[in-house]
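Beneath this line is the structure, given in structure tokens, with notes to follow.
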Amino acid sequence: MNPTDLKYTTSHEWVRISGDTATIGITEHAAHALSDLVYLGLPKAGDKVTAGKALGEVESVKAVSDINSPVDGEVVEVHDALHDSLSDINSDPYGKGWMVKVKLKGKAPASLLDAAAYDKLVAESA
Amino acid sequence: MSTAALRRTPLTGLHEAAGARLVDFAGFLMPVQYEGILEEARRVRTQAGLFDLCHMGRCRLTGARREEAAQYLVHVNVEKLKLGQIRYTFFCRDDGTTMDDVLVYRDRDEVFFCVNGANRARDIEWMKQVAARFGCTFEDLSDSLAMIAIQGPRSADVMAPLCSGDLRGLKYYWFYRGTVCGVPAMISRTGYTGEDGFEIYFAEREAPAIWKAMLESGRPHGVTPIGLAARDTLRLEAGMALYGHELDDGTNPVEAGLIAGALPHDKDFSGRAAIEAMLAKGPPRKLVGFTTGSPRVPRQGYALHLPGGGPQVGTVCSGSPSPTLGTHVGTAYVQAPHAGTATLDMDIRGQRHAVRLQPLPFYQRAR
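Taken in order, these protein sequences are the chains called R and L. Add 94 to a position in the first sequence, counting from 1, and you land on the number used in this note's numbering. Add 791 to a position in the second sequence, counting from 1, and you land on the number used in this note's numbering.
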């Protein structure tokens, strides 16, 4: 189902932690639920983000949803090209659909889910 | 709410089998989307699509005084309706607020109504009360009659081979009784998309067979099922009100621009005095259409402000990307003195986005 090298939030974001850098996006389940995406709001490099707090927003034809940060840290890179290729979020949510890279402050929260736990969450919400 | 608690229509199983996304709508498990909202909306504008409308309310008044009772319920002159004619109208309270917007059908021995699914229970209570007052019979046919719509420029081509009678000769907002696939049906040239099309009523148990026959007949014309989300986009482009958005318990149809000028008859109906008072005085707020070049979609409840950091003068009722116009569109109530303004600012989560007011509808088909 979902990639095993990632961690997940209960609000359907994913995070790939490599050293002190966290790459963040939304999961396939979230992208599918939102479907026709029309707008993406992302932070700027240098912005501070807080685990569980909104770092941006994604908007579909029918709804606006916050993108919550899975971790604490500072934004070091923003995938600005994604604004012009929103369908990548649907077609390749864990690859070309990445949204921001964050320099971790401290450790990633222990409450993040592994792939098995996240798969279970999605299966239960279906 | 668990989906297990939701009611199913005779077509829900077919929607599930087709891979539709199903949601709670008016207490029913209904298809909100099949292939994609914008794709489905385009299909209805260019070809045609099918809609399961079994969640809507269908009912009738019969008995000698049925037309008097109907007249008390609606703002149009029932007596002036020809047999076979349909009008869009409202159930209003004494204070002129809107209980529902409905279609009224005048037939030889009955007056038939199609009402919103979300208001069905309270509409039925209201109609029962009125029927009792006039000593006529009210029947709720919602569970015994199915309702399917086909909408789009190819609709008549799809339906003509399936229907008895002069389908192509039927005028917009008229109906006749005939057959569809040999099944007795009421065939109505109405819809909620701004396209040509039909809404068809027939015995509930026949619904799966007729749905499949319509899809089959529609295959060469590109017909597919359409979800409720695309239906909402289409009705908004066509400038049609949706109860809960442009109309609600606090809204007089005059504010929505749905009753204008003087009432052309002297029949009494529930809400008449309040409606006439508002017509005479002018509504305090008016429904307007707007477009926006912003990438953000207008949504119900967003505030509209006078430009340049001015005060709030309006509130958004509905919004959607418009695949037909290629921009986002919306409706809003704006204080009457500002309803003629060219541009306003829409507040989206603390950011201002310019909107340009424009008359409704956004889309009108060539006739």
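For each residue, glycine too, the CB sits at the ideal point set by N, CA and C.
Please state whether the Cβ-Cβ distance between residue i and residue j is less than 8 Å.
i	j	result
residue 1122 of chain L	residue 1080 of chain L	yes
residue 1096 of chain L	residue 1158 of chain L	no
residue 1111 of chain L	residue 1037 of chain L	no
residue 912 of chain L	residue 852 of chain L	no
residue 1151 of chain L	residue 1132 of chain L	no
residue 983 of chain L	residue 1031 of chain L	yes
residue 943 of chain L	residue 988 of chain L	yes
residue 206 of chain R	residue 116 of chain R	no
residue 823 of chain L	residue 1020 of chain L	yes
residue 884 of chain L	residue 1062 of chain L	yes
residue 825 of chain L	residue 808 of chain L	no
residue 939 of chain L	residue 954 of chain L	no
residue 802 of chain L	residue 999 of chain L	yes
residue 119 of chain R	residue 164 of chain R	no
residue 169 of chain R	residue 139 of chain R	yes
residue 880 of chain L	residue 1043 of chain L	no
residue 965 of chain L	residue 877 of chain L	yes
Using a beta-carbon distance below 8 Å, is residue i in contact with chain R?
i	result
residue 824 of chain L	yes
residue 829 of chain L	yes
residue 1088 of chain L	yes
residue 792 of chain L	Bear in mind that a pLDDT of 47 at residue 792 of chain L, under 50, signals an unreliable position, so the number given afterwards is only what the model happens to contain. Taking Cβ atoms only, chain R never reaches closer than 8 Å to residue 792 of chain L, which makes this a no.
residue 1020 of chain L	yes
residue 1016 of chain L	no
residue 1111 of chain L	yes
Going along the chain, which residues of its own chain have a beta-carbon closer than 8 Å to the beta-carbon of residue i, five neighbours each way excluded?
i	result
residue 792 of chain L	At residue 792 of chain L the pLDDT is 47, less than 50, meaning the model places this residue with poor confidence; the figure from the coordinates comes in the next sentence. So the list reads 815, once near-sequence residues are dropped.
residue 1075 of chain L	1046, 1126, 1127
residue 1006 of chain L	841, 1014, 1015, 1016
Could you pull out every residue in the same chain whose Cβ sits closer than 6 Å to the Cβ of residue i, ignoring the five residues on either side in sequence?
i	result
residue 963 of chain L	980
residue 111 of chain R	202
residue 872 of chain L	897
residue 182 of chain R	190, 191
residue 908 of chain L	817, 846, 847
residue 1114 of chain L	829, 832, 833
residue 1154 of chain L	985, 1028, 1029, 1115
residue 968 of chain L	977
residue 1130 of chain L	1077, 1079
Quick one: does residue i have its CB under 8 Å from some CB of chain L?
i	result
residue 133 of chain R	yes
residue 168 of chain R	no
residue 105 of chain R	no
residue 171 of chain R	no
residue 155 of chain R	yes
residue 130 of chain R	yes
In or out: residue i buried (at least 16 other Cβ within 10 Å) or exposed?
i	result
residue 123 of chain R	buried
residue 1119 of chain L	buried
residue 1029 of chain L	buried
residue 126 of chain R	exposed
residue 946 of chain L	buried
residue 1011 of chain L	exposed
residue 121 of chain R	buried
residue 179 of chain R	exposed
residue 890 of chain L	buried
residue 1089 of chain L	buried
residue 1003 of chain L	exposed
residue 101 of chain R	buried
residue 1026 of chain L	buried
residue 957 of chain L	exposed
Among the residues of its own chain, which have a CB less than 7 Å from the CB of residue i, if the five just before and after it don't count?
i	result
residue 859 of chain L	925
residue 177 of chain R	134
residue 797 of chain L	815, 818, 819, 820
I'd like to know if residue i contacts chain A, where contact means its C-beta is closer than 8 Å to some C-beta of that chain.
i	result
residue 195 of chain R	Judged by its chain identifiers, the structure shown contains no chain A, and its protein chains are R and L.
* Counting pairs of beta carbons, one from the stretch 213-220 of chain R and one from the stretch 191-199 of chain R, are three or more of them closer than 8 Å? -> no
* Asked: Would the stretch 861-868 of chain L and the stretch 1015-1035 of chain L be scored as touching if the rule is three or more Cβ pairs under 8 Å?
  -> Verdict: no, contact absent.
* Asked: On the three-pair Cβ rule with 8 Å, is the stretch 840-850 of chain L touching the stretch 923-936 of chain L?
  -> yes
* To do: Would you check if there are 3 or more beta carbon pairs closer than 8 Å linking the stretch 918-932 of chain L to the stretch 806-826 of chain L?
  => no
* Asked: Contact between the stretch 896-912 of chain L and the stretch 826-842 of chain L: three or more CB pairs below 8 Å?
  -> no
* Flag this pair as touching only if the stretch 153-163 of chain R and the stretch 126-141 of chain R have three or more C-beta atom pairs under 8 Å; answer yes or no. => yes
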